[in-house]
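A.B. asks: Residue numbers (my numbering): 18 to 567.
Every residue, glycine too, gets a C-beta built ideally from N, C-alpha and C.
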Ligand code: F6P
């Protein structure tokens, strides 16, 4: 297998680096030709403008060459066709099958997975309709008013982000709540706001062993049983989504209330399955299907469009070039849409859990950068928080701006104001403000030369800070589905080019195991060997919890 940094096009890109490290984006925009026309494309009503990156024809030629060096087309086909591409766990990676609206067979180990997916979708539809129509009743005969999702990581972030993002499309027949972490304050707040007779708990856990989720699920179950006094109430108020039926049953979930999650669905790619039930209950099943359709449209684009016209491939290549050219270690995602406030956190898990890897697929250490730190915030609020750093800080952070042509909640000229800020920020990051421009501005304000010389350095913006802008027609179920799938595939492409295993997550296991051992020490006299710091923290915590004499 060819190593990335031994490939021909990687070598060519390395040779281009010195020249382009001197190149300012302003100069590229000053060259003949319209960069926007050349370096933007539209897919399923999503515009991707990547022209404000240090991208030129020679660079693109070699970046696309890299995709061929690293056999990207074959890897894409292997994923869609159910090959066991998650090598370390010997699993297929088929979140795309969950939204395969064409319904063409998808084979895993000689079995078509589509019939099982369709059965689960039918079961979801039924449950959604029963809950939303008031036909699913609690133990006391009253309809469900609140759904509480208990899950963490991929079993929380997706449904939480999508329900928030699409609030404008909900009819608020059913309230949805999310409990993820083990802070007692979290679950207590939710339990205090709901009625035991009218709640439906969804225990969302692929493994059904995640300690945070299990603790919260047991607390919720005890709370319900204390209120109802009857074991039978569980059947009315608890459902599960899991690939571990035996454990879900042992917990007390009625077998008919267990929805299937397959081992070929990664947690961070799972809300397209029954993990998405909170979304479907909140918005209605038709809207959930629209979300799937949007993702499917992006899947088709990704699978069949030539690499040069392929939005996820381009987004991935621009990211790789930025990490190579600028040594950018992070990537900020800035939605100019308050509903997408949780989108960066969602992509953070998808990307960092997938591509935060240090060895290649053969287990050899890699000596190039892999997945960046993903962070972000609602752009408008971020402007008044950390944009100073983006514009004038010493660390360069490539940016993804996300906005919409039309608002899903129109109000006066709010939307125009919002989007004008989005466009202005990418322009400012790219152009900057030179010394000459700053001095001219200050002079025009009547400042003398000495004062200008003192103040000007503080007002100079170097610019040359790259960004992509993604513009949806409107934030709605279909476009959100497509947008998420776009990022999922970008992550996949980068993983293939970096030759890493994007679909496992061994890095989260170590801390989980150690927490179990420390828990035993916090609650008993058990004592394990630790370093001085950890020992000190455990002892301090235990001592500080002892009743004091004074
Ligand atoms: O954080 C690690 C992880 O394994 C994620 O990949 C997953 O989404 C999350 O834990 C929750 O896992 P489960 O759905 O099995 O409870």
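1) Enumerate in chain order the residues of its own chain whose CB-to-CB distance from residue 349 is below 6 Å, with the five nearest sequence positions on each side excluded.
2) What separation, rounded to the nearest whole angstrom, lies between the Cα atoms of residue 445 and residue 480?
3) Beta-carbon separation of residue 371 and residue 519 under 8 Å?
4) So, using beta-carbon positions, are residue 377 and residue 103 closer together than 8 Å?
5) Taking only heavy atoms of ligand 1 into account, decide whether any of them is closer than 7 Å to the Cβ of residue 522.
6) Distance check for residue 190 and residue 221, CA to CA, integer angstroms please.
7) Whole angstroms is fine: what's the gap from residue 405's alpha carbon to residue 368's?
8) May I ask you to report which of helix, strand or coil DSSP gives residue 393?
9) Taking the beta carbon of residue 504 as the centre, do at least 16 other beta carbons fall within 10 Å, making it buried, or is it exposed?
10) Can you give me the C-alpha to C-alpha distance between residue 25 and residue 83, rounded to a whole angstrom?
11) Between which two residues does the beta strand (DSSP E) harbouring residue 59 extend?
12) Ligand 1 and residue 370: does any heavy atom of the ligand fall closer than 7 Å to the residue's C-beta?
13) Tell me which residues share the same chain as residue 555 and place their Cβ nearer than 8 Å to its Cβ, disregarding the 5 neighbours each side in the sequence.
14) Look up residue 18 in the DSSP assignment and say whether it is helix, strand or coil.
15) Smallest Cα separation from residue 572: which of 484, 471 and 356?
16) Determine whether the beta carbon atoms of residue 270 and residue 257 lie at a separation below 8 Å.
17) Sort 93, 424 and 277 by Cα distance to residue 318 and report the nearest one.
18) Between the C-alpha atoms of residue 460 and residue 476, what's the straight-line distance to the nearest angstrom?
19) Restricting to Cα atoms, I'd like to know which of 311, 410 and 388 is closest to residue 489.
20) How would you label residue 439, buried or exposed, when you count the other beta carbons within 10 angstroms and need 16 or more for buried?
21) Out of 423, 532 and 447, which has the shortest C-alpha to C-alpha gap to residue 70?
22) Just verifying my parser: in three-state terms, what is the DSSP assignment at residue 413?
23) Keeping to the same chain, check which residues put their C-beta closer than 8 Å to that of residue 265; ignore five residues upstream and five downstream.
24) Going by DSSP in three states, residue 173 sits in which element: helix, strand or coil?
C.D. replies: Well, looking at it:
1) Translated into positions along the chain shown, residue 349 becomes position 332. So the list reads 392, 393, 414 and 416, once near-sequence residues are dropped.
2) For the purposes of this step, residue 445 is taken as residue 428 along the chain shown, with counting starting at 1. For the purposes of this step, residue 480 is taken as residue 463 along the chain shown, with counting starting at 1. Approximately 7 Å between the Cα atoms of the pair.
3) Counting from 1 along the chain shown, the entry for residue 371 is found at position 354. Counting from 1 along the chain shown, the entry for residue 519 is found at position 502. Yes, the Cβ-Cβ distance between residue 371 and residue 519 is below 8 Å.
4) By one-based count along the chain shown, residue 377 stands at place 360. By one-based count along the chain shown, residue 103 stands at place 86. No.
5) Counted from its first residue, the chain shown places residue 522 at position 505. Flag set: Cβ of residue 522 near ligand 1.
6) To locate residue 221, count along the chain shown from 1; it is residue 204. To locate residue 190, count along the chain shown from 1; it is residue 173. C-alpha separation (whole angstroms): 22 Å.
7) Position 388 of the chain shown holds residue 405. Position 351 of the chain shown holds residue 368. Between residue 405 and residue 368, the C-alpha separation is close to 25 Å.
8) Working through the chain shown from its first residue, we reach residue 393 at position 376. The answer is strand: DSSP assigns residue 393 an E or B state.
9) For the purposes of this step, residue 504 is identified with residue 487 of the chain shown, where counting begins at 1. Burial call: buried.
10) Here residue 25 refers to the residue found at position 8 when the chain shown is read from its first residue. Here residue 83 refers to the residue found at position 66 when the chain shown is read from its first residue. Near 8 Å, if we compare the C-alpha coordinates of residue 83 and residue 25.
11) As a working mapping, residue 59 is identified with position 42 in the chain shown. According to the DSSP assignment, residue 59 belongs to the beta strand (DSSP E) that extends over 57 to 60.
12) As a first step, residue 370 must be located in the chain shown, where it is residue number 353. Yes, Cβ of residue 370 sits closer than 7 Å to a heavy atom of ligand 1.
13) Here residue 555 is taken as the residue at index 538 of the chain shown, counted from 1. Once the five neighbours on either side are set aside, the close Cβ partners of residue 555 are 535, 538, 539 and 547.
14) In the chain shown, residue 18 corresponds to position 1, counting from 1. Reduced to three states, the DSSP call for residue 18 is coil.
15) With the chain running from 18 to 567 in the structure shown, residue 572 is simply not present.
16) In the chain shown, the residue the question calls residue 270 occupies position 253. In the chain shown, the residue the question calls residue 257 occupies position 240. Cβ atoms of residue 270 and residue 257: closer than 8 Å.
17) Within the chain shown, the letter at position 301 stands for residue 318. Closest by alpha carbon: 93.
18) For the purposes of this step, residue 460 is taken as the residue at position 443 of the chain shown. For the purposes of this step, residue 476 is taken as the residue at position 459 of the chain shown. Distance between the alpha carbons of residue 460 and residue 476: 13 Å.
19) Here residue 489 refers to the residue found at position 472 of the chain shown. The shortest Cα separation from residue 489 among 311, 410 and 388 belongs to 311.
20) On the chain shown, residue 439 is found 422 positions in, with the first residue counted as 1. Counting the other Cβ atoms within 10 Å of the Cβ of residue 439 gives 16 or more, which makes it buried.
21) Counting from 1 along the chain shown, the entry for residue 70 is found at position 53. Ranking the options by Cα distance to residue 70, first place goes to 447.
22) As a first step, residue 413 is located in the chain shown; it is residue number 396 there, counting from the start. Residue 413: coil per DSSP, three-state reduction.
23) Reading the chain shown from its first residue, position 248 is the one you call residue 265. Hits under 8 Å: 220, 225, 257, 259 and 275.
24) Your numbering for residue 173 matches position 156 in the chain shown. Residue 173: coil per DSSP, three-state reduction.
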